[in-house]
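Numbering (our numbering), first residue to last: 31 to 271. Positions of the beta carbon are idealized from the N, C-alpha and C atoms, including for glycine. Some notes on the structure that comes next.
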Amino acid sequence: MTGAPYVFGVIPARGGSKGLPGKNLRVLGKLSLIGHAVASARESARLTRFIVSTDSAALADEARRHGAEVPFQRPAELASDEAGMIPVLQHAVRWLETTAGARPDLIVTLQPTSPFRIGADIDRTVAKVVDTGADSAQTVTEASYHPFFMKTLDGDRTVALFPDGHKYVRRQDAPTVYQPSGAVYVTRRDVLMTEGRVLGADNRAIVQGFEAAVNIDTEWDFLLAELILGQGRAPISGSRQ
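In C-alpha cells, the structure reads:
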C-alpha cells in the first residue's frame, strides 16, 4: 500500500431481530445503538468514508440524524434473517466502486451491537492490518468460560469437547483463550471480494477488556450494558453516556 490506505467503514444495521426486536433503535444512555455505532465511526481518524447499510427507513432516518451517510436501501434479499454478513459487505463495496469510482484497500465492519466501541478501537484495528501486512484483524476479549471444560451431549451423557481438557484441574492453569468481541473487523478488499471472507488466513487480534467488549444480542445483554453504563464503567465519551 502506497500512501494512506482507503479505509471504507460499513455499519450493517438490519431492521429485524429475533433475539431483541428493534434492538438497533433501542436507546442506551444518550444514544440509540445505531447512534453509538455512528458516533464511534465519526470518532475514528482512520476511516476514509463510512456508510450505513440498512433495509429500514426508520434506521436510515436515525443514522442520518446522527450524521451518517445512508446512500441506498439494502435489497430485500440481503435483509432476511438468513442473509449473511459477507454479501451485505460485498454489496456495499460494489456500490462504492460503481458510484464513487473508489476502490477501498480495507473494509471495516462496525456492528451496532457493540455500543461501547470507540474511535480508538477502530483505529488500532486498522493500524494492526496496515502495520503487519496481515489479511485481516478483529477485536477479541478473554473468553468468559474456558472451552477446555465445555461438553457436548450424547443424549444426557456428557462428552468432553476437548478430550485432554481434564488435565487442567484449575482454570488458571489452562492457556488463555479469546473470543471475538464483535466490535471491529478489518478486512483487505481481496479477502472479502475474491475469497468471500471477513477473516483472512493471517488474522490478527486487538484485545479488549470486558466492558468494551459488551455485545448486545439479547435483553440480558442490554441490561448488562445499562448496568455498566450506570456504574460509570463504559469506556465512551460523556456525550454518549
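Q.
So for Asp39, helix, strand or coil by DSSP?
A. Within the sequence shown, residue 39 is the residue found at index 9, counting from 1. This sequence places Gly at residue 39; Asp is not what is there. Here Gly39 sits in strand by DSSP.
Q | Cα-Cα separation between Gly39 and Ala122, rounded to whole angstroms | A | What you label residue 39 is simply residue 9 of the sequence shown in a count that begins at 1. What you label residue 122 is simply residue 92 of the sequence shown in a count that begins at 1. Approximately 10 Å between the Cα atoms of the pair.
Q. Alpha helix (DSSP H) containing Glu172: first to last residue?
A. Taking the first residue of the sequence shown as 1, we reach residue 172 at position 142. Glu172 -> not in any alpha helix (DSSP H); beta strand (DSSP E) instead, spanning 166-172.
Q.
Measuring only the C-alpha atoms, how far is His176 from Glu127?
A. Position 146 of the sequence shown, counting from 1, holds the residue named residue 176. Position 97 of the sequence shown, counting from 1, holds the residue named residue 127. His176 and Glu127 have their C-alpha atoms roughly 43 Å apart.
**Q.** Under 8 Å between C-beta atoms of Ser269 and Thr217
**A.** Here residue 269 refers to the residue found at position 239 when the sequence shown is read from its first residue. Here residue 217 refers to the residue found at position 187 when the sequence shown is read from its first residue. Going by C-beta atoms, Ser269 is not nearer than 8 Å to Thr217.
Q) When DSSP builds the beta bridges, which residues end up paired with Ser83? A) Along the sequence shown, one-based indexing puts residue 83 at 53. Looking at the DSSP assignment, Ser83 forms a beta bridge with Pro42.
Q) Assuming Thr237 and Thr171 make a contact with CB atoms under 8 Å, what is their CB distance in whole Å? A) To locate residue 237, count along the sequence shown from 1; it is residue 207. To locate residue 171, count along the sequence shown from 1; it is residue 141. Rather than Thr, the amino acid found at residue 237 in this sequence is Val. Sure, about 7 Å apart at Cβ, within 8 Å.
Q. If you drop the 5 nearest sequence neighbours on each side, which residues of the same chain put their C-beta closer than 7 Å to that of Phe179?
A. Counting from one through the sequence shown, the residue named residue 179 turns up at place 149. Excluding residues within five positions, the ones whose Cβ falls inside 7 Å are Gly195.
Q) When DSSP labels each residue in this structure, what does Gln202 get in the three-state scheme? A) Within the sequence shown, residue 202 is the residue found at index 172, counting from 1. Reduced to three states, the DSSP call for Gln202 is helix.
Q: Could you have a look at Gln209 and say whether DSSP puts it in helix, strand or coil?
A: Reading the sequence shown from its first residue, position 179 is the one you call residue 209. Strand.
(Q) Suppose you measure from the CA of Thr182 to the CA of Asp153; what does that come to, to the nearest Å? (A) As a first step, residue 182 is located in the sequence shown; it is residue number 152 there, counting from the start. As a first step, residue 153 is located in the sequence shown; it is residue number 123 there, counting from the start. Those two C-alpha atoms are separated by around 38 Å.
**Q.** DSSP three-state assignment for Ser74, whether helix, strand or coil
**A.** Here residue 74 refers to the residue found at position 44 when the sequence shown is read from its first residue. In the structure shown, Ser74 sits in coil (DSSP, three-state: anything other than H, G, I, E or B).
Q: Taking the CB atoms as reference points, tell me whether Ile41 and Leu136 lie closer together than 8 Å.
A: For the purposes of this step, residue 41 is taken as the residue at position 11 of the sequence shown. For the purposes of this step, residue 136 is taken as the residue at position 106 of the sequence shown. No. Outside cutoff.
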